[in-house]
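Only one structure is covered here, and it is reproduced in the block below.
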Amino acid sequence: HHVHRGDPLWWWQCADIKVDAPEGTPPTYQRKWAEVDYVTFESALEHRDLQAGRVNRIFVQLHNRGSQPAQDVRVLLLWTEAAAAVPDLPADFWTNFPKAPASSAWTPAGETQTIPVLSPTEPVILPWALIGAPGVDNDLCFLVVADCASDPIPAEHKVRNIKSLIQKDKRVGLKNVHVVQASARDPHWVPFSLWGDAGQNYLLRVSPTAARGWTLGVLFPKNAVAQLQASGMEPVPLTGALENALRDRIGSDIQQFDTSRLFRVSDGAQGGSLAGLTLPEGRLRIMMLFQFASPEAVGGSVSLLQEMGGEVVGGSTFVLRQEGS
Numbered sequence: 608h609h610v611h612r613g614d615p616l617w618w619w620q621c622a623d624i625k626v627d628a629p630e631g632t633p634p635t636y637q638r639k640w641a642e643v644d645y646v647t648f649e650s651a652l653e654h655r656d657l658q659a660g661r662v663n664r665i666f667v668q669l670h671n672r673g674s675q676p677a678q679d680v681r682v683l684l685l686w687t688e689a690a691a692a693v694p695d696l697p698a699d700f701w702t703n704f705p706k707a708p709a710s711s712a713w714t715p716a717g718e719t720q721t722i723p724v725l726s727p728t729e730p731v732i733l734p735w736a737l738i739g740a741p742g743v744d745n746d747l748c749f750l751v752v753a754d755c756a757s758d759p760i761p762a763e764h765k766v767r768n769i770k771s772l773i774q775k776d777k778r779v780g781l782k783n784v785h786v787v788q789a790s791a792r793d794p795h796w797v798p799f800s801l802w803g804d805a806g807q808n809y810l811l812r813v814s815p816t817a818a819r820g821w822t823l824g825v826l827f828p829k830n831a832v833a834q835l836q837a838s839g840m841e842p843v844p845l846t847g848a849l850e851n852a853l854r855d856r857i858g859s860d861i862q863q864f865d866t867s868r869l870f871r872v873s874d875g876a877q878g879g880s881l882a883g884l885t886l887p888e889g890r891l892r893i894m895m896l897f898q899f900a901s902p903e904a905v906g907g908s909v910s911l912l913q914e915m916g917g918e919v920v921g922g923s924t925f926v927l928r929q930e931g932s
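FYI, in my numbering the residues of the sequence shown are 608 to 932.
So this is what it looks like as structure tokens:
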């Protein structure tokens with residue numbers, strides 16, 4: 608689950624959603640499709656990041672916490688691009704559930720699946736296959752929603768805000784955890800979104816991390832940096848290598864970003880923050896930098912938190928690894 612002793616736990620780290628993507632040479636999955644039962648899921652399957660142009664397997668584990676078998680459990684899996692505070696569900700989501708939304712920031716990973724009988728003594732694993740398509744980034748977050756006629760989601764729980772929904776209801780889970788495998792020669796840029804109210808001010812926080820020897824930074828569009836107040840983060844211009852890597856990643860879209868000011872975390876053990884952030888259109892696209900900067904670098908995890916009025920309204924966790932580890 609990429610969780611270690613002392614790590615904070617967040618509501619976007621659902622342990623019951625995992626991705627198995629082909630890695631290595633030749634590219635291989637961790638387990639054969641039919642081998643992934645609930646024992647393998649817990650003991651031998653590690654969450655990976657998606658691979659572009661390949662078939663990625665997403666596994667969801669379903670539990671029955673009651674005393675009686677649950678009949679015809681309906682399970683919908685959705686994805687959206689990597690973000691801190693993720694977008695709300697569309698206005699007609701609950702009217703149409705368990706059908707997937709026709710058009711929204713949330714895209715179905717496949718058809719809604721049904722478990723005929725879910726025992727209270729044995730979890731069930733459901734698989735989906737998702738192909739990393741051109742124009743869709745590898746870093747996605749997944750939302751699972753499940754219910755059944757004998758134990759439906761209560762009407763008062765059917766809200767559109769994802770944080771509120773997860774905190775209200777045990778039938779919903781969000782996986783916003785990304786595995787970063789970087790090398791000293793290849794800076795790792797991640798397209799990232801911030802969603803929220805266009806009329807509010809937000810604070811963006813990089814959590815303290817036990818990872819050592821990494822460069823962590825945030826790059827903003829040109830129109831978003833004027834009012835930022837940095838703490839524990841210093842604005843530095845992109846080096847030629849970083850700029851070239853960014854151009855390779857996003858092409859001509861690099862023109863939208865202020866490459867003269869990468870907000871770099873000064874000390875990973877302390878983390879950093881950027882206050883005074885606004886989202887003029889309710890969404891802001893930024894770029895996250897993760898660079899393996901030292902031969903003695905040590906991996907770990909770091910979270911990017913989006914806060915409003917002292918409250919964490921969203922976040923995303925990144926697991927930092929040296930390529931090939």
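For every residue, glycine included, the Cβ atom is placed at its ideal position computed from N, Cα and C.
By how many angstroms is the C-alpha of D627 removed from the C-alpha of P634?
If you take the alpha carbons of P634 and D627, they lie about 11 Å apart.
Report the residue from G907, L884, Q788 whose alpha carbon sits nearest the alpha carbon of Q658.
Residue Q788 is the option with its Cα nearest to Q658.
Can you grab the Cα-Cα spacing for the pair L669 / D804, in whole Å?
L669 and D804: Cα-Cα distance of roughly 33 Å.
What's the gap between the Cα of A689 and the Cα of A837?
Computed Cα separation, rounded: 23 Å.
Would you kindly report the start and end of the unbroken beta strand (DSSP E) that includes D754?
Run containing D754: 747 to 754, per the beta strand (DSSP E) assignment.
I need the boundaries of the beta strand (DSSP E) containing F864, first residue and last residue.
Per DSSP, F864 belongs to the beta strand (DSSP E) from 864 to 872.
Does DSSP put A628 in a helix, in a strand, or in coil?
If DSSP states are grouped into helix, strand and coil, A628 belongs with coil.
Give the straight-line distance between the Cα atoms of S880 and Y809, rounded to the nearest whole angstrom.
So the two alpha carbons sit approximately 11 Å from each other.
For Q807 and P730, what's the separation of their Cα atoms in angstroms?
If I take the Cα positions, the gap works out to 42 Å.
What whole-angstrom Cβ distance do F897 and L823 have, given they're in contact under 8 Å?
That pair is a contact at about 6 Å.
List the residues that DSSP assigns as beta-bridge partners of T721.
BP columns for T721 point to R681.
Start and end of the alpha helix (DSSP H) containing I857?
From DSSP, the alpha helix (DSSP H) with I857 extends over 847 to 857.
For I624, which option in R664, G631, D614 has the closest C-alpha, if you only look at C-alpha atoms?
It is R664.
Judging by CA-CA distance, which residue of T687, R661, V667 is the nearest neighbour of V643?
Here the closest residue by C-alpha is V667.
Which two residues bound the contiguous beta strand (DSSP E) that contains E763?
Unbroken run through E763: none, as it is neither H nor E.
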